[in-house]
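Student:
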Amino acid sequence: MIELVDISKSYGAQRLFEGVNLRVGPDDRLALVGPNGTGKTTLFRILLGEVAPDSGRVEVKKGLRTGYLPQEVAPSLADDRPLIESCLHRARGLGDLLEERSRCLATLESGTGGEAAARRLAEVEDRLHAMDADSMPARAEAVLQGLGFARDDLNRPMRTLSGGLLMRAELARILLDDPDVLILDEPINHLDLEGILWFEEYLRAYRGAVVLIAHDREFLNRTVRRIVEVSRRGAVDYGGNPNLPVYDRHIAEREKAVELAWKRYEEQQARIRDIEDFIAHNRVRKDRAQVVQSRIRMLDKMERLEPPEPPRNVRFRFPQPARTPDLVLSLEGMGHRYGERTVFDGVDLRLHRGEKVALVGMNGAGKTTLLRIAAGVLAPTAGRRLLADGVGVGYYAQDQFEVLRPERTVLEQMLEVADAATAPFVRSVLGAFLFRDDDVDKRVASLSGGERARLMLSRLMLRAHGLLVLDEPTNHLDIASREVLEAAISGYEGTVLFTTHDRRFMDTVASAVVEVRDGRLTRFEGNYSYYVRKAQEGEGRTDEARAPAPGPASAAPTPRDLDRARKREEAERRNRLYRVLKPLRDRVARYESEIESLEAELRALDDELVRPDLYQDFDRARDLGARARD
25 MIELVDISKS YGAQRLFEGV NLRVGPDDRL ALVGPNGTGK TTLFRILLGE VAPDSGRVEV
85 KKGLRTGYLP QEVAPSLADD RPLIESCLHR ARGLGDLLEE RSRCLATLES GTGGEAAARR
145 LAEVEDRLHA MDADSMPARA EAVLQGLGFA RDDLNRPMRT LSGGLLMRAE LARILLDDPD
205 VLILDEPINH LDLEGILWFE EYLRAYRGAV VLIAHDREFL NRTVRRIVEV SRRGAVDYGG
265 NPNLPVYDRH IAEREKAVEL AWKRYEEQQA RIRDIEDFIA HNRVRKDRAQ VVQSRIRMLD
325 KMERLEPPEP PRNVRFRFPQ PARTPDLVLS LEGMGHRYGE RTVFDGVDLR LHRGEKVALV
385 GMNGAGKTTL LRIAAGVLAP TAGRRLLADG VGVGYYAQDQ FEVLRPERTV LEQMLEVADA
445 ATAPFVRSVL GAFLFRDDDV DKRVASLSGG ERARLMLSRL MLRAHGLLVL DEPTNHLDIA
505 SREVLEAAIS GYEGTVLFTT HDRRFMDTVA SAVVEVRDGR LTRFEGNYSY YVRKAQEGEG
565 RTDEARAPAP GPASAAPTPR DLDRARKREE AERRNRLYRV LKPLRDRVAR YESEIESLEA
625 ELRALDDELV RPDLYQDFDR ARDLGARARD
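Numbering-wise (this note's numbering), the sequence shown opens with residue 25 and increments by one.
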């Protein structure tokens, strides 16, 4: 249906990509991946005909209907129409058809239209019947609720919706439009976990083609069948074993391809060096002149291989804090209200040293409110927040503009939180987060979502915090950056309270999960997969539910009760320590095994290199020497 042939695109001196070949078939499920800034969104706009390529051609099937969800929607969508009416009006031209039907009926009732109005009314009715217009309101309601809107939201004016809700409304409109090809640029950034799960099921049942950009690895595994990696050298589908999950297969095959590319590059470089050495040693010999010229022509004709492109990853570790008390943060009898709405009423939450606790729950359940209270940014309307003495708190806000000032530059925002000891290292930290050269003078207002996320993380690097509170830190980060953030948090010795919609991230990082639902907190001692399993079984819940108010009827705990509680807490602490240390011990064991294997290989190479007959075969001796040096 759509085919890109040898597409190239540059902006000034910056080459985004060249030689891109891509074909989208009728029922394709295709994802574009690659670091932020490699041109994935530009490639989408070329697919849609909004941007012309510098070279190559775009072939699109005649009459093809596409539905495009950009990363940001136009403010003009925020009009006075109710949400469901706005989605219906713009989906498949339904609103225009209904208005035209009303005009035709009015004309016929007035007696001025005659046969032409009756014929046009019949055509409109046929088109409405073909799209099953009578069922569209019910379908619109189901799609909107599946994407996380409450029933009460359906009649809210569009102008009252936040930016994230507007994005969800536009996604609903596109799904109702039922195009031949869905082209979706990071469609799940503004969905909660329930919305993502619903959307995955919807895409699996969708009859058309789907081309999307997403950084959630589990979402990719569940929704697409092909992954194409975009870089400045083109677009590559590595293929691989179809029995593996698609993203895991992509990673495995890419590693093999990069390893093979390095091998071919190094072999060619060794061959070039040999030829150049031969030319240098024999250039002055007249009896070798013909051979030398032949080698020079060989070099001129040789198609030089480029080395594999190194990844532009963020590389960092959080500064390790001083050892904190065992109980880092305690929220006791905490309650919070917004006007007449009660978010929490008398809940408890305790965070211990070294814990990595993930909050899960639907949008609007109060996760961000809880994080703001835990960070000390928001005071609860009831209860107490107790933070251990000497514990600093680092807060990453979901909406970066809560903390960042749009008129300031990247460098100014860093210096704002730096002290005398860290100010000299500000540019180095920014460089680690890919802010280099003139990038540090960019104003915050001009930064992309991914750049703002990296700036917020770089600010956290300037202080050692005993408690990190992170609200959606993975939003706008590409996959490579998410993996680096996973490693940084896993290696961080302080306490972390966070929320994210990335299930793989939670599985890797979380030592406990707290579910926020109906104003209650329910704790599960394990990662996200454990939470899903136990929540389905109705098990695994511990002491973070709403605490009952003590009163005359409550019996005082007996010594046996206290002893049981102490033993339970000690067991939970041992379990937490085991979950933290086991991956580290496994990693050490793996490294020790690799070292032992390499040492054995080196001993074998040493035995070979001391054999006199080896040097009768110069090429083999050179290869063994190179392997020993490596």
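Glycine residues also receive a C-beta, built at the ideal position from the N, C-alpha and C atoms.
In this structure, how does DSSP classify residue 45 when only helix, strand and coil are distinguished?
Tutor: Residue 45: strand per DSSP, three-state reduction.
Student: Determine the extent of the beta strand (DSSP E) in which residue 27 is found, giving its start and end residues.
Tutor: Run containing residue 27: 26–35, per the beta strand (DSSP E) assignment.
Student: Let me know if residue 315 comes out buried or exposed under the rule of 16 or more other beta-carbons within 10 Å of its beta-carbon.
Tutor: With fewer than 16 other Cβ atoms within 10 Å, it is exposed.
Student: Should residue 397 go down as buried or exposed, given a rule of 16 or more other Cβ atoms within 10 Å for buried?
Tutor: So residue 397 counts as buried.
Student: Could you check the C-alpha separation between residue 193 and residue 325 for me, to the nearest Å?
Tutor: Their backbone Cα atoms lie some 57 Å apart in a straight line.
Student: Less than 6 Å between C-beta atoms, sequence neighbours within five positions excluded: which residues of the same chain meet that for residue 438?
Tutor: 450, listed in sequence order.
Student: Thinking C-beta only, is residue 211 closer than 8 Å to residue 190?
Tutor: No, these two residues do not count as a Cβ contact at 8 Å.
Student: Does the separation of the CB atoms of residue 215 and residue 234 fall below 8 Å?
Tutor: Result no, Cβ atoms of residue 215 and residue 234 do not sit closer than 8 Å.
Student: Mapping DSSP to helix, strand and coil, what is residue 649?
Tutor: Helix.
Student: With residue 487 and residue 378 assumed to form a contact (beta carbons below 8 Å), what rounded beta-carbon distance in angstroms separates them?
Tutor: About 19 Å; that fails the 8 Å criterion.
Student: To which residues of the same chain is residue 373 closer than 8 Å at the C-beta, ignoring the five residues directly before and after it?
Tutor: These residues qualify, in order along the chain: 353, 354, 355, 358, 394, 398, 538, 545, 568.
Student: Using the three-state DSSP reduction, which class does residue 54 fall into: helix, strand or coil?
Tutor: Residue 54 falls in the strand class under three-state DSSP.
Student: If you count every other CB in all the chains shown that lies within 10 Å of the CB of residue 712, and 16 or more means buried, which is it?
Tutor: Here the chain has residues from 25 to 654 only, and residue 712 is not among them.
Student: Is there contact between the stretch 380–389 and the stretch 504–524, where contact requires at least three CB pairs shorter than 8 Å?
Tutor: Touching, per the Cβ criterion.
Student: Tell me the rounded alpha-carbon separation between residue 333 and residue 461.
Tutor: Rounded to whole angstroms, residue 333 to residue 461 spans 21 Å at the Cα level.
Student: Where does residue 101 fall in DSSP's three states?
Tutor: Residue state, collapsed to three classes: helix.
Student: Give a yes or no on whether the minimum CB-CB distance between residue 485 and chain C is below 8 Å.
Tutor: Protein chain content of the structure displayed is limited to a single chain, and chain C is not contained in it.
Student: Determine whether the beta carbon atoms of residue 329 and residue 292 lie at a separation below 8 Å.
Tutor: A contact, by the Cβ cut-off of 8 Å.
Student: What residue range is occupied by the uninterrupted beta strand (DSSP E) comprising residue 358?
Tutor: From DSSP, the beta strand (DSSP E) with residue 358 extends over 351–362.
Student: Buried or exposed: which applies to residue 573, given that a residue is buried once 16 or more other Cβ atoms fall within 10 Å of its Cβ?
Tutor: Residue placement at residue 573 cannot be trusted, given a pLDDT of 33 that sits under 50; what the coordinates show is reported in the next sentence. Classification for residue 573: exposed.
Student: Given a cut-off of 8 Å, decide if residue 75 and residue 28 are closer than it, judged by their beta-carbon atoms.
Tutor: No, the pair does not count as a contact, with Cβ atoms beyond the cut-off.
Student: For residue 479, does the three-state DSSP call read helix, strand or coil?
Tutor: Note: residue 479 maps to helix in three-state DSSP.
Student: Helix, strand or coil for residue 186, going by three-state DSSP, please let me know.
Tutor: Here residue 186 sits in coil by DSSP.
Student: Roughly how many whole angstroms lie between the Cα atoms of residue 164 and residue 342?
Tutor: Spanning the two alpha carbons is a distance of roughly 45 Å.
Student: So, using beta-carbon positions, are residue 168 and residue 152 closer together than 8 Å?
Tutor: Contact flag unset, no.
Student: When you compare each of 547, 541, 543, 542 to residue 535 by their alpha carbons, which one comes out closest?
Tutor: That would be 547, whose Cα lies nearest to the Cα of residue 535.
Student: Going by C-alpha to C-alpha distance, which of 370, 636, 209 sits closest to residue 406?
Tutor: It is 370.
Student: Can you pull the DSSP bridge partners for residue 255?
Tutor: Paired residue(s): 258.
Student: Under a Cβ-count criterion, where at least 16 other Cβ atoms within 10 Å of its own Cβ denotes burial, should residue 175 be classed as buried or exposed?
Tutor: Flag for residue 175 reads exposed.
Student: Let's see if you can read the secondary structure: which residues bound the alpha helix (DSSP H) around residue 554?
Tutor: Element bounds for residue 554: 552–561.
Student: Per the contact definition of three or more C-beta pairs closer than 8 Å, is the stretch 218–227 in contact with the stretch 36–44?
Tutor: No contact exists between the stretch 36–44 and the stretch 218–227.
Student: Which same chain residues end up closer than 7 Å to residue 262 when comparing Cβ atoms and leaving out the 5 residues on each side of it in sequence?
Tutor: 274, 277, 278, 281, listed in sequence order.
Student: From the DSSP secondary-structure annotation, give me the bridge partner or partners of residue 491.
Tutor: Paired residue(s): 417, 519.
Student: Which two residues bound the contiguous alpha helix (DSSP H) that contains residue 366?
Tutor: Segment 365–376 is the beta strand (DSSP E) holding residue 366; no alpha helix (DSSP H) there.
Student: Is the beta carbon of residue 469 sitting closer than 8 Å to the one on residue 238?
Tutor: No, these two residues do not count as a Cβ contact at 8 Å.
Student: Are residue 527 and residue 552 touching if we call contact CB-CB under 8 Å?
Tutor: A contact, by the Cβ cut-off of 8 Å.
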